[in-house]
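S.K.: Residue numbers (this note's numbering): 1292 to 1620.
Note that beta-carbon positions come from the ideal geometry of N, C-alpha and C, so glycine has one too.
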Amino acid sequence: MKRKTRNKIILWSLAVTTVAVLVGGTIALVLTAGTWKAKIKKSQEKICNKGWECSGSKYCCNDTITDFFKVYQFENLFAKRNTPVAHAVGFWDYQAFITAAALFEPQGFCTTGGKEMQMMELCAFLGHVGAKTSCGYGVATGGPTAWGLCYNHEMSPDQTYCDKTYTQYPCVEGAEYYGRGAIPVYWNYNYGAAGDGIKVDLLHHPEYLEQNATLAFMAAMWRWMTPIKKSQPSAHEAFVGTWKPTKNDTLSKRLPGFGATMNILYGESICGRGYIDAMNVIISHYQYYLDLMGVGREHSGDNRDCAEQAPFNPSSKPDDQQQQQQSGS
């Protein structure tokens, strides 16, 4: 090879290397600048502290639950829970609810958005709780929606709800995984996942949810705030509107609103089956609580039902007692 040709090749190689280094440096600078920008934005995000109830979070800058939900309102919403015919007399109380909520308010539970949205989420969550723990019936005194928190566990379970094929949370000998809690938990894998979520060994001690009202509310709030799968919204996200549906969600008629919360919590046992009673009862509790809280059912939001929604997670088990609370990611 001639010396001139070799020198040209060397010069071109050096030029290309220099350009690559410069371009790489520019990209690195851009990435570094972007990283710093994100860090600066995060550091500038306002964080608030409001004592024991809510601290160390941007959500604590909003009203907290005790700012708009008082003892007398809790008593009004669940007026019949301590009547002699109720099955959990003396179990459920306001302080247990607020103590449990303090763990989730920094995550945005009833502290997301303005006051109206916060109150709507409270009523939405309690709508599920009331409907799932009610012993009201059509001609019950005060109407069927006045009897929320009548139960804290399934009264006559016909099985132990042990799925031996689920090895991540294997059944514990002697434990029975029938429905317990504010949004009743069923099956060993759901007790295991909820226990991990609230850092209590519910797999070995499922009975805790019918012995301690704070834990019962905590398990329900954890379910409300936690997606079934990472690619899916939590009930909280679906309700407050931070979830952005995919094209597939839209085609499946899954849109933000109260209806989607039923889909997430109960799946095909409630949703995609038309305007069935089981779905309407949950909606009626939500709207009843909105009225009692002074928000009004006219502010119950869009997409209130899930009558035509395809389920997020079709299940092989047909009843709602498994609550779709799979621990898959």
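Any idea if Pro1435 is buried or exposed, counting beta-carbon neighbours within 10 angstroms, 16 or more meaning buried?
M.R.: buried
S.K.: Along the chain, where does the alpha helix (DSSP H) that runs through Ser1575 open and close?
M.R.: 1568-1583
S.K.: Let me check one thing: in DSSP terms, what residues is Val1476 bridge-paired to?
M.R.: Arg1471
S.K.: Could you have a look at Lys1341 and say whether DSSP puts it in helix, strand or coil?
M.R.: strand
S.K.: Give the single residue among Ile1389, Ser1543, Asn1604 whose Cα lies nearest to the Cα of Cys1365.
M.R.: As written in the sequence, residue 1365 is Phe, which differs from the Cys given in the question. Out of Ile1389, Ser1543, Asn1604, Ile1389 has the C-alpha closest to the C-alpha of Phe1365.
S.K.: Any chance the CB of His1419 is under 6 Å from a heavy atom of the ligand ADP?
M.R.: Ligands are entirely absent from the displayed structure, and the ligand ADP is therefore not among its contents.
S.K.: Starting from Lys1538, trace the alpha helix (DSSP H) both ways and give me its first and last residue.
M.R.: 1538-1542
S.K.: What whole-angstrom Cβ distance do Gly1592 and Phe1549 have, given they're in contact under 8 Å?
M.R.: 6 Å
S.K.: Would you list the one or two residues that DSSP bridges to Ser1346?
M.R.: Asn1340
S.K.: Shortest alpha-carbon distance to Gly1427 belongs to which of Ala1484, Met1570, Val1376, Phe1603?
M.R.: Val1376
S.K.: Rank Tyr1442, Ile1489, His1495 by C-alpha distance to the C-alpha of Tyr1468 and give the top, closest one.
M.R.: His1495
S.K.: How about Met1516 and Phe1400: do their beta carbons lie closer than 7 Å?
M.R.: Against a cut-off of 7 Å, the Cβ pair of Phe1400 and Met1516 comes out as a contact.
S.K.: Could you give the distance in angstroms between the alpha-carbon of Phe1395 and the alpha-carbon of Leu1542?
M.R.: 32 Å
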